[in-house]
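These notes are about the structure you will find just below.
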């Protein structure tokens, strides 16, 4: 069986983190989100994978290559323009169901490349086949249906209604579309070749109108849409709390403390679980890290610095006595001695905060910017 990973989107809700990084490459626990998706597919025996690309495609291709290093066969469908979720699948039809090769056709899975989940894909496929479905959608109860497509089903799971991002007062259900789908090849007959058709907006409502065998199954396992900065931070808390079912890289050297290969932690550093420290990272004496912090690969945390409830991407340097609290710092940044980042701050790649610089809470800073010495930004 094949799978397609949706990996073409821009990720504007995650800006400024996605200015230089496509959504599927945004790291979760020091690994790209899409790497966790490929690991999930592999666990369920799905190793023939297609990914559609549009925004910063080279970043994805150069990291994953042909998929061999990740235990899958990975091929790419490059889009010249965004085609919509359904249009992107139609563009990849020949990769998913090669003409003249019936043995390569059949049921396939579609999954977003920017979510974090441990969904039981095998159970979803089994349900789909038992129902004789054309399309099956994984569902998850959510507190705010207005952010998602929501689904109403009967007792057998048949989809009776589909609403795309309804107003809270108009939502008929709290069961959200997880963008985990199982399809039969006949789904292509429902996708128009022109425009940028979307499954939630165009295809699923049509399936409901025409009474097609369209089913939904609630997912018992973890699922989180990491498409917003708030959800991105929440996903990291969930990973470190052991709620997600994903493999945390590194060795658990003590309860709730994972350390990557080659990392060096000074005996006088204070680590409060749960914490993940990436490969090759170096933590000096007097450093305080945690709880709920991720230090990326090859980061340097200098003497007296503190990192609380924060996510620091790879190759970043946090200078002596710098302070980070509940923030996200991109790759290859340099926070010089005495720098301070407040709650909710997002610092994109290659930024510099000079000595004593202060970034107040909830400020977002775009790539390659510099906060001058002893200047406060708010």
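In the working numbering, the protein residues as written are 38 to 415.
We treat Cβ as the ideally placed atom computed from N, Cα and C, and that holds for glycine.
Enumerate in chain order the residues of its own chain whose CB-to-CB distance from residue 141 is below 6 Å, with the five nearest sequence positions on each side excluded. In this prediction, residue 141 has a pLDDT of 49, which is less than 50 and means its spatial position is unreliable; what the coordinates show is noted afterwards. Same-chain partners within the cutoff: 135.
DSSP three-state call for residue 180: helix, strand or coil? Per DSSP, reduced to three states, the secondary structure at residue 180 is coil, with no helix or strand assignment.
Quick one: give me the first and last residue of the beta strand (DSSP E) that residue 252 is part of. In the DSSP annotation of this structure, the continuous segment of the beta strand (DSSP E) that includes residue 252 starts and ends at 251–255.
Rank 405, 404, 411 and 268 by C-alpha distance to the C-alpha of residue 396 and give the top, closest one. Measuring from the Cα of residue 396, the nearest candidate turns out to be 411.
Considering Cα atoms alone, identify which of 56, 385, 337 and 290 is closest to residue 310. Ranking the options by Cα distance to residue 310, first place goes to 290.
Rounded C-alpha distance that separates residue 2 from residue 276: Lying before the first or after the last residue shown, residue 2 is absent from the chain, which here runs from 38 to 415.
What's the gap between the Cα of residue 355 and the Cα of residue 297? Looking at the backbone, the Cα of residue 355 and that of residue 297 are separated by about 18 Å.
Please classify residue 398 as buried or exposed, where buried requires at least 16 other C-beta atoms within 10 Å of its C-beta. Exposed, since its Cβ has fewer than 16 Cβ neighbours within 10 Å.
With distances taken Cα to Cα, identify the nearest neighbour of residue 331 among 348, 246 and 221. If we check each option's Cα against that of residue 331, 348 comes out closest.
Look up residue 283 in the DSSP assignment and say whether it is helix, strand or coil. Coil, per DSSP.
Is it buried or exposed for residue 173, if we count other Cβ within 10 angstroms and need 16 for buried? A residue is called buried when at least 16 other Cβ atoms come within 10 angstroms of its Cβ; residue 173 meets this threshold and is buried.
Classification of residue 149 by the beta-carbon crowding that lies within 10 angstroms, buried from 16 upward: Burial call: buried.
Please say whether residue 196 and residue 245 have beta carbons closer to each other than 8 Å? For residue 245 and residue 196, yes; Cβs fall inside 8 Å.
Among the residues of its own chain, which have a CB less than 6 Å from the CB of residue 392, if the five just before and after it don't count? Hits under 6 Å: 373, 374, 375 and 410.
Which runs of the alpha helix (DSSP H) spanning at least 4 residues fall entirely within the stretch 153–203, listed in chain order? Correct list: 158–167.
What residue range does the alpha helix (DSSP H) around residue 360 cover? Membership of residue 360 in any alpha helix (DSSP H) is not indicated; the residue belongs instead to the beta strand (DSSP E) covering 360–362.
Alpha carbon to alpha carbon, how far is residue 72 from residue 254? The C-alpha of residue 254 is placed about 25 Å away from the C-alpha of residue 72.
Under 8 Å between the Cβ atoms of residue 39 and residue 107? Taking a C-beta distance under 8 Å as the contact criterion, residue 39 and residue 107 do not qualify as a contact pair.
For residue 360, collect the residues of the same chain with a Cβ closer than 6 Å to its Cβ; drop the 5 residues on either side in sequence, then sort them by chain order. Result list for residue 360: 343 and 377, in chain order.
Going by DSSP, which residues form a beta bridge with residue 145? According to DSSP, residue 145 bridges with 39 and 220.
Does residue 239 pass the burial test, meaning 16 or more other C-beta atoms within 10 Å, or should it be called exposed? Around the beta carbon of residue 239, 16 or more other beta carbons lie within 10 angstroms, which makes this residue buried.
Could you pull the DSSP bridge partners for residue 20 from this structure? Residue 20 is absent from the model: the chain starts at 38 and stops at 415.
Taking only three categories from DSSP, how would you classify residue 74? Residue 74 falls in the helix class under three-state DSSP.
Would you say residue 44 and residue 61 are within 8 Å of each other, going by their C-beta atoms? With respect to the 8 Å criterion, residue 44 and residue 61 are classified as neighbours on the basis of their beta carbons.
Continuous alpha helix (DSSP H) stretch holding residue 129: start and end: Unbroken run through residue 129: none, as it is neither H nor E.
Identify whether residue 45 lies in helix, strand or coil by the three-state DSSP scheme. Assignment of residue 45 by DSSP, reduced to helix, strand and coil, places it in the coil class.
Kindly indicate which residue of 249, 208 and 269 has the alpha-carbon position closest to the one of residue 194. Looking from the CA of residue 194, the closest CA among 249, 208 and 269 belongs to 249.
What three-state label does DSSP hand residue 105 in the structure shown? Collapsing the DSSP output to three states places residue 105 in a helix.
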